[in-house]
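Worksheet: one structure, shown below.
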Amino acid sequence: MAAMPSAPQSPWRHLPNAISSLRVVLVLPIGWLLAHRAWSSALMLVAVAGVSDGVDGFLARHFGWQSRIGGMLDAIADKLLLVSCFVILAVQGEVPLWLAWVVCGRDGVIAVGALLWRVLVGRIDPQPSLLSKACTLMQIVYLLVVLLALIRWPVPASELPGWLVAVLCVASGTDYVIRWSRRAWRALHPARVPP
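This is the structure:
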C-alpha cells in the first residue's frame, strides 16, 4: 500500500524563529541607545522586544510551530537582551549593581549547566518552566519601569520590582539546578532509576 502523502507544512511555521532572531538583532541597537542615554528610543525598542517575546511563544504553542532551534533561539535572545540591558544600566548607575549581578549570576549558572549537559549527557531540548517565564517577564517589566522613570514618566517610586526580579532569579535558578541535576543523574545512571 502506498504511503499517504504528508500534509503540507505551513510557510508561516518559521515565523516564531524569525521573531526570536529579530530580538537577537535588537540587542545591539538597544545596547547602543542605553549607552548613549537615549532613553525614549531604548524604551520603544525594549517594549518591542518584550512584546515579541510573548508573540513568538504564543504563535509557536497555538499553531504547533515549536521546534528545538526555536526554543534555543528564544532562550538566547532573552539572555542576551536582558543581561546586556542590566549590565549597561548598572554601569551607568541606573539600576543597582547587586541586582545586575543576580541577573547575570542566574543566567551564568544556567549557561554553565547547559554546557555541562551538552558535554556529559548530549542534546539539549530547552524546556523553560513557568517560574523561568515569570522571571523573564518580571525582568522586562522592571526594565520598562526604569526607562519610564528615566524619561520622567510618572511611575511609582518603589524598590519592589527590583526585589521581585531578585527573588524570581534566585528561585528560578535554583529550580533549574535541581530539575536538570535530577535529569542528568537519571540520564547518566539509568540502571539506578527505579522502574
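In this note's numbering, the protein residues as written are 63 to 257. Every residue, glycine too, gets a C-beta built ideally from N, C-alpha and C. Keep in mind the model is a prediction, meaning the values are calculated, not measured.
Exercise for the section: Could you tell me the boundaries of the alpha helix (DSSP H) in which Ile81 lies? Expected result: Taking the sequence shown and counting its residues from 1, the one referred to as residue 81 is at position 19. That run of the alpha helix (DSSP H) goes Leu77 to Ala97.
Handout entry: Span of the alpha helix (DSSP H), counted from its first residue to its last, around Asp169
Key = Sequence index remark: in the sequence shown, residue 169 carries index 107 (1-based). Counting along the chain, the alpha helix (DSSP H) containing Asp169 begins and ends at Leu159 to Leu182.
Exercise for the section: Taking 8 angstroms as the cut-off, decide whether the C-beta atoms of Leu159 and Met200 are in contact. Expected result: On the sequence shown, residue 159 is found 97 positions in, with the first residue counted as 1. On the sequence shown, residue 200 is found 138 positions in, with the first residue counted as 1. For Leu159 and Met200, no; Cβs fall outside 8 angstroms.
Exercise for the section: Grab me the residues of His251's own chain with a C-beta within less than 8 angstroms of its C-beta, minus the 5 sequence neighbours each way, in chain order. Expected result: In the sequence shown, counting from the first residue as 1, residue 251 sits at position 189. For His251, where only same-chain residues beyond five positions count, there are no Cβ hits under 8 angstroms.
Exercise for the section: Could you tell me the distance, in whole angstroms, from the CA atom of Trp125 to the CA atom of Gly112? Expected result: In the sequence shown, the residue the question calls residue 125 occupies position 63. In the sequence shown, the residue the question calls residue 112 occupies position 50. Note that residue 125 is Phe in the sequence shown, not Trp. Distance between the alpha carbons of Phe125 and Gly112 is about 21 angstroms.
Exercise for the section: Could you tell me the distance, in whole angstroms, from the CA atom of Ile186 to the CA atom of Arg248? Expected result: Walking along the sequence shown from the start, residue 186 turns up at place 124. Walking along the sequence shown from the start, residue 248 turns up at place 186. Rounded to whole angstroms, Ile186 to Arg248 spans 15 angstroms at the Cα level.
Practice task
Assign Pro257 to buried or exposed, taking buried as 16 or more other Cβ atoms, counted over all protein chains shown, within 10 Å of its Cβ.
Solution key: Along the sequence shown, one-based indexing puts residue 257 at 195. Note that Pro257 scores 49 on pLDDT, short of 50, meaning its location in the model is unreliable and no value can be drawn from it.
Problem - Terminal residues of the alpha helix (DSSP H) in which His251 lies - result: For the purposes of this step, residue 251 is taken as residue 189 along the sequence shown, with counting starting at 1. Note, His251: premise wrong, no alpha helix (DSSP H); not H, not E.
Problem - Terminal residues of the alpha helix (DSSP H) in which Ile213 lies - result: Taking the sequence shown and counting its residues from 1, one reaches residue 213 at position 151. No alpha helix (DSSP H) contains Ile213, which DSSP labels as neither H nor E.
Problem - Arg316 - containing alpha helix (DSSP H), residue span - result: Here the chain has residues from 63 to 257 only, and residue 316 is not among them.
Practice task
Report the option in Val89, Cys147, Ala104 and Leu88 whose CA atom is closest to the CA atom of Pro95.
Solution key: Translated into the one-based positions of the sequence shown, residue 95 becomes position 33. The sequence shown places Leu at residue 95, not Pro. It is Ala104 whose Cα lies nearest to the Cα of Leu95.
Problem - Short Cβ contact (8 angstroms threshold) for Asp118 with Asp136 - result: Taking the sequence shown and counting its residues from 1, the one referred to as residue 118 is at position 56. Taking the sequence shown and counting its residues from 1, the one referred to as residue 136 is at position 74. Against a cut-off of 8 angstroms, the Cβ pair of Asp136 and Asp118 comes out as a contact.
Handout entry: Residue nearest to Gly114 in terms of C-alpha spacing, selected from Trp101, Leu90, Leu143 and Arg99
Key = Numbered from its first residue, the sequence shown carries residue 114 at position 52. According to the sequence provided, residue 114 is Ser. The question's Gly does not apply to it. The residue with the shortest Cα to Cα distance from Ser114 is Leu143.
Practice task
Determine the DSSP secondary structure at Arg244, reduced to helix, strand or coil.
Solution key: The residue you call residue 244 lines up with position 182 of the sequence shown. Three-state DSSP puts Arg244 in a helix.
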